[in-house]
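Colleague: For reference, the structure I am asking about is given below.
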Amino acid sequence: MTQHNTSISVCLAERSYDIHIGGGLIENADTFAAPFTADKHLVIITDNNVGPTHGERLEAGLSKSARKIDILHVPAGEASKSLSVYGRLLDDILALGIDRSTMIIAFGGGVIGDLAGYVAASLLRGIDFIQVPTSLLAQVDSSVGGKTGINMSAGKNLVGAFHQPKLVLADTDILGTLPERELRAGYAEIVKYGLLGDATFFEWLEVHGQNVLARDEAAIAYAVQASCRAKADIVAADEREGGVRALLNLGHTFAHAFEAEAGYDGRLLHGEAVGAGIGMAFGFSRHLGLLSGQDEMRVKAHLKALSLPFDRASLPAGNADATRLIQHMYKDKKTHKGALSFILLNAIGSAFVKRNVDEDSLATFLET
Numbered sequence: 389m390t391q392h393n394t395s396i397s398v399c400l401a402e403r404s405y406d407i408h409i410g411g412g413l414i415e416n417a418d419t420f421a422a423p424f425t426a427d428k429h430l431v432i433i434t435d436n437n438v439g440p441t442h443g444e445r446l447e448a449g450l451s452k453s454a455r456k457i458d459i460l461h462v463p464a465g466e467a468s469k470s471l472s473v474y475g476r477l478l479d480d481i482l483a484l485g486i487d488r489s490t491m492i493i494a495f496g497g498g499v500i501g502d503l504a505g506y507v508a509a510s511l512l513r514g515i516d517f518i519q520v521p522t523s524l525l526a527q528v529d530s531s532v533g534g535k536t537g538i539n540m541s542a543g544k545n546l547v548g549a550f551h552q553p554k555l556v557l558a559d560t561d562i563l564g565t566l567p568e569r570e571l572r573a574g575y576a577e578i579v580k581y582g583l584l585g586d587a588t589f590f591e592w593l594e595v596h597g598q599n600v601l602a603r604d605e606a607a608i609a610y611a612v613q614a615s616c617r618a619k620a621d622i623v624a625a626d627e628r629e630g631g632v633r634a635l636l637n638l639g640h641t642f643a644h645a646f647e648a649e650a651g652y653d654g655r656l657l658h659g660e661a662v663g664a665g666i667g668m669a670f671g672f673s674r675h676l677g678l679l680s681g682q683d684e685m686r687v688k689a690h691l692k693a694l695s696l697p698f699d700r701a702s703l704p705a706g707n708a709d710a711t712r713l714i715q716h717m718y719k720d721k722k723t724h725k726g727a728l729s730f731i732l733l734n735a736i737g738s739a740f741v742k743r744n745v746d747e748d749s750l751a752t753f754l755e756t
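The letter at position 110 of the sequence shown is residue 498 when you use my numbering, and the numbering goes up by one with no holes.
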C-alpha cells in the first residue's frame, strides 16, 4: 500500500460506514471487508471495461472471507442505468439463489455504483452492498452518500432509493488505467467541493489541479481525501437532501438537462456536463446580479485550463434551444412545487439553494 492511505467515517448512527482511500485496496479488500463479507455469498456487479481488466484481482482480494463469489457484467456507459438493464440484473441475481445475507459489490464507476446500489436496495426489500469505485468521479462523489438509481426517458436519476453502503474502498492505484477523458470528467466533481463551500480548497486546485490530472500520487490522494471529507460531513448533516446536501447539486440542473438532450448516448460524460453546468451556474449567478464577473471568469478560466467544458457551446447538446433545456429542467428531481430550483453563488466557496427561479430570467440567460 502507498503512504497516502487514510480512512474517513460517514457518521449516520447505525448506518455509519468508513471510506478507505489509498493504493492496493483491491488486492487487500479482505483486510477491510471481512467483517461484512465473512462466509457470505457475494455478487460483484461490474461493466465490460472494468470487469475483464480488474475483476480477477477483486475476486482474489475478497476470496479469503467470502463463501461464494459470482460476477455479473453489464455494458459500460450511461445507457446501462436503465430500467431494462436493472430488470435483467434482478432476474440474473435471483437465479443465483440468494438470501438476505447475500451482499452486492458495486465495482466500477458512477454508473455501476448507482445501478448496483439500486439493485441492492430492491432485492428482498434491501440487502447490504459495498462500493468499490474505479473512476475518479465515483471515488470523490457518487460512491459516498447512499444515492442509488437509474435514468428514465424523462430524465436522469428519476427512479432510485437512498441506500447506504456498508463500506467504500477507493483504490487510487486503479486510476492509473483510467482513460484521460474519464479522469478529467471526475475532476469536475472535485472542483465542485471547493466552489460550493471551501474557497481554500479551490485555491489549492488552482495551483495543483494539473498535478491531479497528471496522476501525481500525492495530489490525487489529497484531492480524493478532501472531497470525501467534504461529502461525508454534508451527508452526515443531511442524509436525505432536506437541506445542506442540496448544495452538492451545484451545476447539476444544467448538467442533467445537457445529458437528457444528448440522450445518454456516450457523447457526453456526466463530469463533462457538470463542468459546463458549474460554469453556467456561475454565469447565471452573475446574470442575476448575485456574483462578481471576476469570480465567474476565474472559475471558467480554471475549467478551461484543465480542458474541461465551462459553458454549453462545446457540448453535443450545446445548440439545444432554451425552451428544450428548460423543459428538461422541469423534469429534474430538484424542482420544488412545480418551480425551478438551482444552486447559485454569492462568491467562490459560498453557494446557496435558490428556489422559484424565474423562467423568463433563465430563458434570457440561456439565449445570450
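Cβ coordinates follow ideal geometry from the N, Cα and C atoms, glycine included.
Can you give me the start and stop residues for the beta strand (DSSP E) that Ile518 sits inside?
Modeller: Counting from 1 along the sequence shown, the entry for residue 518 is found at position 130. Boundaries of the beta strand (DSSP E) around Ile518: 517-521.
Colleague: My assumption, with CB atoms under 8 Å, is that Glu647 sits in contact with Leu638. Please give the rounded CB distance.
Modeller: As a position in the sequence shown, residue 647 is number 259, starting the count at 1. As a position in the sequence shown, residue 638 is number 250, starting the count at 1. The pair is not a contact, with the Cβ atoms about 16 Å apart (cut-off 8 Å).
Colleague: Measure the beta-carbon distance from Ala508 to Phe495 and round it to whole angstroms, keeping in mind my assumption that it falls under 8 Å.
Modeller: Numbered from 1 along the sequence shown, position 120 holds the residue referred to as residue 508. Numbered from 1 along the sequence shown, position 107 holds the residue referred to as residue 495. In fact, because the Cβ distance is near 13 Å, the residues do not count as touching under 8 Å.
Colleague: In this structure, what does DSSP give as the bridge partners for Tyr405?
Modeller: Sequence index remark: in the sequence shown, residue 405 carries index 17 (1-based). Secondary-structure assignment with DSSP links Tyr405 through a beta bridge to Val398.
Colleague: Is it buried or exposed, Cys616, if we count other Cβ atoms within 10 angstroms and call 16 or more buried?
Modeller: By 1-based counting over the sequence shown, the position of residue 616 is 228. Classification of Cys616: buried, given that the 10 Å Cβ count is 16 or more.
Colleague: If I measure Cβ to Cβ from Met668 and keep anything under 6 Å in the same chain, skipping five residues before and after, which residues do I get?
Modeller: In the sequence shown, residue 668 corresponds to position 280, counting from 1. Around Met668: Phe642.
Colleague: Run the CB neighbour count on Thr434, radius 10 Å, all protein chains shown included, and call it buried at 16 or more, exposed below.
Modeller: Start at 1 with the first residue of the sequence shown, and residue 434 comes out as number 46. Classification of Thr434: buried, given that the 10 Å Cβ count is 16 or more.
Colleague: Which residues mark the beginning and the end of the beta strand (DSSP E) in which Ser738 is found?
Modeller: For the purposes of this step, residue 738 is identified with residue 350 of the sequence shown, where counting begins at 1. Here the beta strand (DSSP E) through Ser738 covers 738-742.
Colleague: Identify which residue in Ser470, Ser749, Glu568 has its Cα closest to the Cα of Ala542.
Modeller: Reading the sequence shown from its first residue, position 154 is the one you call residue 542. Nearest option by C-alpha distance: Ser470.
Colleague: Could you spell out the range, first to last residue, of the alpha helix (DSSP H) harbouring Val612?
Modeller: Looking up residue 612 in the sequence shown gives position 224. Counting along the chain, the unbroken alpha helix (DSSP H) around Val612 starts and ends at 605-625.
Colleague: Looking at the unbroken beta strand (DSSP E) that takes in Lys544, where does it start and where does it end?
Modeller: Within the sequence shown, residue 544 is the residue found at index 156, counting from 1. Per DSSP, the continuous beta strand (DSSP E) segment holding Lys544 begins and ends at 543-550.
Colleague: Can you list, in chain order, the residues of its chain whose CB lies under 8 Å from that of Thr390, leaving out five sequence neighbours each side?
Modeller: Here residue 390 corresponds to residue number 2 of the sequence shown, with the count starting at 1. The pLDDT assigned to Thr390 is 41, lower than 50, so where the model puts this residue is not dependable; a value taken from the coordinates is nonetheless given after this. Here the set comprises Gly410, Gly411, Gly412, Thr560, Asp561, Glu605, Ala609.
Colleague: List the whole-angstrom C-beta distance separating Phe670 from Glu660, where the pair is believed to meet the contact cut-off of C-beta under 8 Å.
Modeller: Along the sequence shown, read from residue 1 onward, the residue named residue 670 stands at position 282. Along the sequence shown, read from residue 1 onward, the residue named residue 660 stands at position 272. The pair is not a contact, with the Cβ atoms about 17 Å apart (cut-off 8 Å).
Colleague: Report all residues from its chain with a CB closer than 7 Å to the CB of Arg455; omit the five preceding and five following residues, and keep chain order.
Modeller: Residue 455 sits at position 67 when you count from the first residue of the sequence shown. Around Arg455: Asp427, Lys428, His429.
Colleague: According to DSSP, is Thr756 helix, strand or coil?
Modeller: In the sequence shown, counting from the first residue as 1, residue 756 sits at position 368. In this structure, Thr756 counts as coil in the three-state DSSP scheme.
Colleague: What residue range is occupied by the uninterrupted alpha helix (DSSP H) comprising Leu503?
Modeller: For this step, residue 503 is matched to residue 115 along the sequence shown. From DSSP, the alpha helix (DSSP H) with Leu503 extends over 498-510.
Colleague: Can you have a look at His408 and say buried or exposed, based on whether 16 or more other CB atoms are within 10 angstroms of its CB?
Modeller: Counted from its first residue, the sequence shown places residue 408 at position 20. Classification for His408: buried.
Colleague: Whose C-beta lies closer than 6 Å to the C-beta of Arg403 among residues of the same chain, with five residues either side of it excluded?
Modeller: Here the question's residue 403 lines up with position 15 in the sequence shown. Closer than 6 Å at the Cβ level, and outside the excluded window around Arg403, lie Gln552.
Colleague: Which whole-angstrom value describes the C-beta separation of Leu691 and Gly651, a residue pair presumed to lie in contact below a C-beta threshold of 8 Å?
Modeller: Numbered from 1 along the sequence shown, position 303 holds the residue referred to as residue 691. Numbered from 1 along the sequence shown, position 263 holds the residue referred to as residue 651. At roughly 24 Å, the Cβ-Cβ gap does not stay under 8 Å, so Leu691 and Gly651 are not in contact.
Colleague: Under three-state DSSP, which class holds Ala580?
Modeller: As a working note, residue 580 is residue 192 in the sequence shown. The sequence as given places Lys at residue 580; Ala does not occur at that position. Three-state DSSP puts Lys580 in a helix.
Colleague: Consult DSSP for Lys692 and reduce its assignment to one of helix, strand or coil.
Modeller: Against the sequence shown, residue 692 aligns to sequence position 304. Three-state result, Lys692: helix.
Colleague: Just the Cα atoms here: how many angstroms apart are Gly514 and Leu503?
Modeller: On the sequence shown, residue 514 is found 126 positions in, with the first residue counted as 1. On the sequence shown, residue 503 is found 115 positions in, with the first residue counted as 1. Cα atoms of Gly514 and Leu503: separation of roughly 14 Å, rounded to the nearest angstrom.
Colleague: What residue does the alpha helix (DSSP H) around Phe424 start on, and which one ends it?
Modeller: Taking the sequence shown and counting its residues from 1, one reaches residue 424 at position 36. Note, Phe424: alpha helix (DSSP H), 417-425.
Colleague: Of all the options Asp746, Phe424, Asn734, which has the alpha carbon lying nearest to the alpha carbon of Leu728?
Modeller: For the purposes of this step, residue 728 is identified with residue 340 of the sequence shown, where counting begins at 1. Answer by Cα proximity: Asp746.
Colleague: Roughly how many whole angstroms lie between the Cα atoms of Val556 and Asp720?
Modeller: Here residue 556 refers to the residue found at position 168 when the sequence shown is read from its first residue. Here residue 720 refers to the residue found at position 332 when the sequence shown is read from its first residue. If you take the alpha carbons of Val556 and Asp720, they lie about 28 Å apart.
Colleague: With DSSP collapsed to three states, give me the class of Gln391.
Modeller: Taking the first residue of the sequence shown as 1, we reach residue 391 at position 3. With a pLDDT of 45 at Gln391, under the threshold of 50, the predicted position of this residue should be treated as unreliable, though the coordinate-derived value follows. Coil at Gln391, not helix or strand.
Colleague: What residue does the alpha helix (DSSP H) around Leu599 start on, and which one ends it?
Modeller: On the sequence shown, residue 599 is found 211 positions in, with the first residue counted as 1. According to the sequence provided, residue 599 is Asn. The question's Leu does not apply to it. Counting along the chain, the alpha helix (DSSP H) containing Asn599 begins and ends at 587-601.
Colleague: Rounding to the nearest angstrom, what Cα-Cα distance links Glu629 and Asp406 in this structure?
Modeller: Translated into positions along the sequence shown, residue 629 becomes position 241. Translated into positions along the sequence shown, residue 406 becomes position 18. Roughly 20 Å separates the two Cα atoms.
Colleague: Tell whether a beta-carbon distance below 8 Å holds between Leu750 and Lys742.
Modeller: Here residue 750 refers to the residue found at position 362 when the sequence shown is read from its first residue. Here residue 742 refers to the residue found at position 354 when the sequence shown is read from its first residue. Not a contact, by the Cβ cut-off of 8 Å.
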